[in-house]
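Participant: One structure is given below, represented as structure tokens, and several questions about it will come after.
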Amino acid sequence: MLRKLLTFLSFLAVISVSAAHADQKKIGFIYIGPPGDHGWTYMHDQGRIYMENALGDSISTTYIENVPENADAVRAIRKLAASGHDLIFTTSFNYMDQTLEVAKEFPDVKFEHATGFKRMDNVSTYSARFYEGRTIIGHIAGKMTKTNTIGYIVSFPIPEVIRGINAFYLAASKVNPDVKIKIIWNYSWYDPGKEADAANTLINQGADIIVQHTDSYAPCQAAEKAGVLAFGQASNQEAFCPNSHMTSIEDIWGPYYAAKAQAVVDGTWSSEDTWQGFKDGMVEMSPYNTKLLPLDLILEAKNMETAIENGTLHSFEGPIYNQAGELVVKEGEVADDGMLASMMFYVQGIDGEVPQ
Amino acid sequence: MSIELIIGILNVILISTTPLVFAGIGELVTEKSGVLNLGLEGLMLVGAVTGFITLVLTGNYFYSLFLSIISGVILSGIFAFLVLNLMTNQIATGLALTIFGIGLSAMLGKKFAGTPIDGLNPYYFIVISFLLVFFVAYFLSKTKTGLIVRAVGENHNSAYALGYNVFKTRYLTIIFGGVMSSLAGYYISICYAPMWQEGMTAGRGWIALALVVFATWKPWRLLVGAYIFGGVAIMQMNLQAIGVKLPGQFFNMMPYLATIIVLVFISSNKLRLKINAPSSLNIPFEKNQ
């Protein structure tokens, strides 16, 4: 019932951001949350605003917020496609099949699906290599934890999230072999209350660092209140937890959105798969907190960023074993993008099982 | 398990369950008088955003609490006017109230999303929630006014024939329910997760509604039910954190599933259902019939 209501509402909340002209390209966005979440959707909306500023009057943009990841998404996407939009960004993993379904009906409309892996002639996929950021925070966490217990709050068991856990753990255990991570699956991207509960539960169980892969800043706030350390998610969350925020992994979508919109304006758009990280500026680290982190650790983190950028360091360098002890990445090799994109296993050393 | 861990777990359970107790106990009183208000989620959100905005603007917890309560009085007052005076369908009006509340709170809060505030200690509200359940249980079972509320809910025509003011009784119970929902919302945005973000109550209004049925309209059972729902949710997090594999999706639907099971259970015994469920629930009252 709630979902129905929310969808109904989301249709009411279609917001035309600027008046359309005949020669303007209309660009639509489907958001899973509200732009005010200061997390995932917020950063997509920042990307949209960047694109508007960059392209000026040649485009107009529209977004639909709070679209659930079920059949309702089809209606929302179709609504944009049917109302003359030229390019539609669907900004959550589980809009994948819904995007393809609508894309088949509207071959002339271009679609861009975030974090997915299914493409068509008029459907591109794009994602950021957030896991590179997770390698940095894993390294910091491994060095900063005193209880050797790190609490990790996650949303849904999808490759992106599991890849993040693995990248984090590999980096953390490299500098601190005793480190343990405790994982709580919330099965929602956005529920501030539940995210705070999960953070407090992990702190009760001895975690002195809170990592999140959910969309609100409640975990960081809970960490601040309990006096433990935390990393932010998607956007810089320092304002909400100044005394516990070490850094955040920021998603920077603006330049990509502007480039794709320009391609539509110029008529050069083509279906492709984009997966960018530090090197192309799609992932950035928020300023490291100098009050909490020792200077040499900040330098190490910055050097790691540079090393990842120029390819001398990779988040998934062999040898990597899965939980069963099988070698999945050989020594001297790195995991290829195919393995990363479909990663549904924990690496050796992580307790528990990946939920089905 | 160490004592610290047990205390820590209890602490999280108390903090996370309290909004359910507030919204649930308010709805219980409303339903006892024969009115079904499905607008809890909307009332909670408006209460949450009103309190939050007032706190940001004035920095005063008392004003923010006061205005949050006023928002509940106004919105539930409108609901009461619609369903009592204009005799609109209670279910449709309640749903409309939820939709309206979601939209209104999002609109009001747009500029304030992401403003950091200092949260209030949740324990004030936790203590009040227990006192409230005690008060409501005593009120409904031991006082004359409580008996009138129940009489109005059981058979409004008889109650009216006996000279009781059905409208006034229902206005008051609806407004009480509305105020409790806004307190639940206030608690969420000021104590539980001190922030404002759109839709931050995340379905707790619906769980509170389910809770009233789960509790078969009994205040103490409502308290126990709320703590079962809250306790299970927090315990499964603790089990996950120590590495026990659990079907998390199952726990998300658990409150609704439990409510359906209780419904099946009580309706298999017609007498039990009759004793507990207010007979005039969701039936409009016409004065001149």
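Chain order of the listed sequences is D and Z. Residue 346 in my numbering sits at position 346 of the first sequence, with consecutive numbering throughout. Plus 1000 on top of the position in the second sequence (first one is 1) and you've got my numbering. Note that the Cβ used here is the ideal one computed from N, Cα and C, for glycine as well.
Mind listing which residues of the stretch 154 to 188 of chain D have their C-beta closer than 8 Å to chain Z's C-betas, in chain order?
Facilitator: Here the close residues are 182, 183, 184, 185, 186, 187, 188.
Participant: Any chance the stretch 1174 to 1191 of chain Z sits against the stretch 335 to 348 of chain D, with 3 or more Cβ pairs inside 8 Å?
Facilitator: no
Participant: Secondary structure at residue 98 of chain D, three-state DSSP: helix, strand or coil?
Facilitator: Here residue 98 of chain D refers to the residue found at position 98 when the first sequence is read from its first residue. Note: residue 98 of chain D maps to helix in three-state DSSP.
Participant: Taking residue 111 of chain D as part of the beta strand (DSSP E), name the residues at either end of that continuous run.
Facilitator: Within the first sequence, the letter at position 111 stands for residue 111 of chain D. Start and end: 110 to 114.
Participant: What does residue 1012 of chain Z reach in chain D if we use C-beta pairs closer than 8 Å?
Facilitator: Here the question's residue 1012 of chain Z lines up with position 12 in the second sequence. Within chain D, the residues near residue 1012 of chain Z are 197, 200, 201, 204.
Participant: What does residue 34 of chain D reach in chain Z if we use C-beta pairs closer than 8 Å?
Facilitator: As a working mapping, residue 34 of chain D is identified with position 34 in the first sequence. At a C-beta separation below 8 Å, residue 34 of chain D has these neighbours in chain Z: 1106, 1113, 1197, 1198, 1199.
Participant: Rounded C-beta distance between residue 165 of chain D and residue 154 of chain D? I'm assuming under 8 Å.
Facilitator: Looking up residue 165 of chain D in the first sequence gives position 165. Looking up residue 154 of chain D in the first sequence gives position 154. Between residue 154 of chain D and residue 165 of chain D the Cβ distance is about 7 Å, and since that is below 8 Å, they are a contact.
Participant: State yes or no: is the C-beta of residue 228 of chain D within less than 7 Å of the C-beta of residue 208 of chain D?
Facilitator: Position 228 of the first sequence, counted from the first residue, corresponds to residue 228 of chain D. Position 208 of the first sequence, counted from the first residue, corresponds to residue 208 of chain D. Taking 7 Å as the Cβ cut-off, residue 228 of chain D and residue 208 of chain D qualify as a contacting pair.
Participant: Could you work out which residue in Z:1075, Z:1216, Z:1061 is closest to residue 1261 of chain Z when comparing CA atoms only?
Facilitator: Numbered from its first residue, the second sequence carries residue 1261 of chain Z at position 261. Of Z:1075, Z:1216, Z:1061, the residue nearest in Cα terms is Z:1216.
Participant: Could you spell out the range, first to last residue, of the alpha helix (DSSP H) harbouring residue 46 of chain D?
Facilitator: By 1-based counting over the first sequence, the position of residue 46 of chain D is 46. Element bounds for residue 46 of chain D: 40 to 55.
Participant: I'd like to know if residue 44 of chain D contacts chain Z, where contact means its C-beta is closer than 7 Å to some C-beta of that chain.
Facilitator: Working through the first sequence from its first residue, we reach residue 44 of chain D at position 44. It does not; no Cβ of chain Z falls within 7 Å.
Participant: Any beta carbon of chain D sitting closer than 7 Å to that of residue 1023 of chain Z?
Facilitator: Looking up residue 1023 of chain Z in the second sequence gives position 23. So no, residue 1023 of chain Z is outside the interface.
Participant: Relative to the alpha-carbon of residue 254 of chain D, which residue among D:242, D:334, D:48 has its alpha-carbon at the smallest distance?
Facilitator: As a first step, residue 254 of chain D is located in the first sequence; it is residue number 254 there, counting from the start. It is D:48 whose Cα lies nearest to the Cα of residue 254 of chain D.
Participant: Short of 7 Å Cβ to Cβ, which residues in the stretch 275 to 291 of chain D face chain Z?
Facilitator: none
Participant: Could you compute how far the alpha carbon of residue 332 of chain D sits from the alpha carbon of residue 38 of chain D?
Facilitator: Position 332 of the first sequence holds residue 332 of chain D. Position 38 of the first sequence holds residue 38 of chain D. Taking the straight line joining both Cα atoms gives about 39 Å.
Participant: Look up residue 1143 of chain Z in the DSSP assignment and say whether it is helix, strand or coil.
Facilitator: Looking up residue 1143 of chain Z in the second sequence gives position 143. Looking at residue 1143 of chain Z - three-state DSSP - the assignment turns out to be coil, as it is neither helix nor strand.
Participant: Just verifying my parser: in three-state terms, what is the DSSP assignment at residue 1077 of chain Z?
Facilitator: Along the second sequence, one-based indexing puts residue 1077 of chain Z at 77. Per DSSP, reduced to three states, the secondary structure at residue 1077 of chain Z is helical.
Participant: Near residue 1054 of chain Z, what residues of its chain come up, given a Cβ to Cβ distance below 6 Å and the 5 sequence neighbours on each side ignored?
Facilitator: Walking along the second sequence from the start, residue 1054 of chain Z turns up at place 54. The residues are 1063, 1064, 1067.
Participant: For a test of the three-state rule: what should DSSP assign to residue 345 of chain D, helix, strand or coil?
Facilitator: If you number the first sequence from 1, residue 345 of chain D lands on position 345. Correct three-state label for residue 345 of chain D: coil.
Participant: Does residue 326 of chain D come out as helix, strand or coil in the three-state DSSP assignment?
Facilitator: Working through the first sequence from its first residue, we reach residue 326 of chain D at position 326. The answer is coil: DSSP assigns residue 326 of chain D none of H, G, I, E or B.
Participant: So, helix, strand or coil for residue 1220 of chain Z, using DSSP?
Facilitator: Taking the second sequence and counting its residues from 1, one reaches residue 1220 of chain Z at position 220. Collapsing the DSSP output to three states places residue 1220 of chain Z in a helix.
Participant: Which first and last residues belong to the beta strand (DSSP E) in which residue 229 of chain D is found?
Facilitator: Numbered from its first residue, the first sequence carries residue 229 of chain D at position 229. For residue 229 of chain D, the enclosing beta strand (DSSP E) stretches over residues 229 to 234.
Participant: At a CB distance below 9 Å, what residues from the stretch 51 to 67 of chain D approach chain Z? Give them in sequence order.
Facilitator: 65, 66
Participant: So residue 90 of chain D and residue 111 of chain D are supposed to be a Cβ contact under 8 Å. How far apart are they, rounded?
Facilitator: In the first sequence, residue 90 of chain D corresponds to position 90, counting from 1. In the first sequence, residue 111 of chain D corresponds to position 111, counting from 1. Yes, they are in contact, since the Cβ atoms of residue 90 of chain D and residue 111 of chain D sit about 7 Å apart, within 8 Å.
Participant: Does the count of Cβ pairs from the stretch 252 to 267 of chain D and the stretch 70 to 81 of chain D closer than 8 Å reach three?
Facilitator: no
Participant: Determine, using beta carbons only, whether residue 1198 of chain Z and residue 36 of chain D come nearer to each other than 7 Å.
Facilitator: Translated into the one-based positions of the second sequence, residue 1198 of chain Z becomes position 198. Translated into the one-based positions of the first sequence, residue 36 of chain D becomes position 36. Closer than 7 Å, so yes.
Participant: Check the Cβ-Cβ distances between residue 1249 of chain Z and every residue of chain D, and say whether any is below 7 Å.
Facilitator: Counting from 1 along the second sequence, the entry for residue 1249 of chain Z is found at position 249. Yes, residue 1249 of chain Z lies at the interface with chain D (some Cβ there is under 7 Å from its Cβ).
Participant: With distance defined between alpha-carbon atoms, name the residue in D:152, D:292, D:175, D:301 nearest to residue 285 of chain D.
Facilitator: Residue 285 of chain D sits at position 285 when you count from the first residue of the first sequence. With distances taken between Cα atoms, residue 285 of chain D lies closest to D:301.
Participant: For residue 41 of chain D, I'd like the list of residues in its chain whose CB is within less than 8 Å of its CB, leaving aside the five on either flank, ordered along the chain.
Facilitator: Your numbering for residue 41 of chain D matches position 41 in the first sequence. Cβ neighbours of residue 41 of chain D beyond the five flanking positions: 31, 32, 33, 34, 35, 65, 91, 215.
Participant: Determine the closest residue to residue 93 of chain D out of D:73, D:108, D:170, D:105, with distance taken between C-alpha atoms.
Facilitator: Numbered from its first residue, the first sequence carries residue 93 of chain D at position 93. Measuring C-alpha to C-alpha distances from residue 93 of chain D to each of D:73, D:108, D:170, D:105 identifies D:73 as the nearest.
Participant: Run through the stretch 1076 to 1122 of chain Z for me and flag every whole alpha helix (DSSP H) of 4 or more residues, listed as ranges in chain order.
Facilitator: 1090 to 1109
Participant: To the nearest whole angstrom, what separates the beta carbons of residue 195 of chain D and residue 218 of chain D, a pair I think is in contact under 8 Å?
Facilitator: On the first sequence, position 195 is the one that residue 195 of chain D refers to. On the first sequence, position 218 is the one that residue 218 of chain D refers to. The distance from the Cβ of residue 195 of chain D to that of residue 218 of chain D is about 4 Å, consistent with a contact at the 8 Å cut-off.
Participant: Find out if the Cβ-Cβ distance for the pair residue 1029 of chain Z, residue 1173 of chain Z is shorter than 7 Å.
Facilitator: The sequence position of residue 1029 of chain Z within the second sequence is 29, counting from 1. The sequence position of residue 1173 of chain Z within the second sequence is 173, counting from 1. Cβ distance < 7 Å, so residue 1029 of chain Z and residue 1173 of chain Z count as in contact.
Participant: At a Cβ threshold of 7 Å, is residue 37 of chain D touching chain A?
Facilitator: You won't find chain A in this structure, because its protein chains are D and Z.
Participant: Over what stretch of residues does the beta strand (DSSP E) that includes residue 61 of chain D continue unbroken?
Facilitator: Within the first sequence, residue 61 of chain D is the residue found at index 61, counting from 1. Residues 59 to 64.
Participant: Rounded to whole angstroms, what is the Cα-Cα separation between residue 129 of chain D and residue 334 of chain D?
Facilitator: To locate residue 129 of chain D, count along the first sequence from 1; it is residue 129. To locate residue 334 of chain D, count along the first sequence from 1; it is residue 334. Approximately 15 Å, taken between the alpha carbons.
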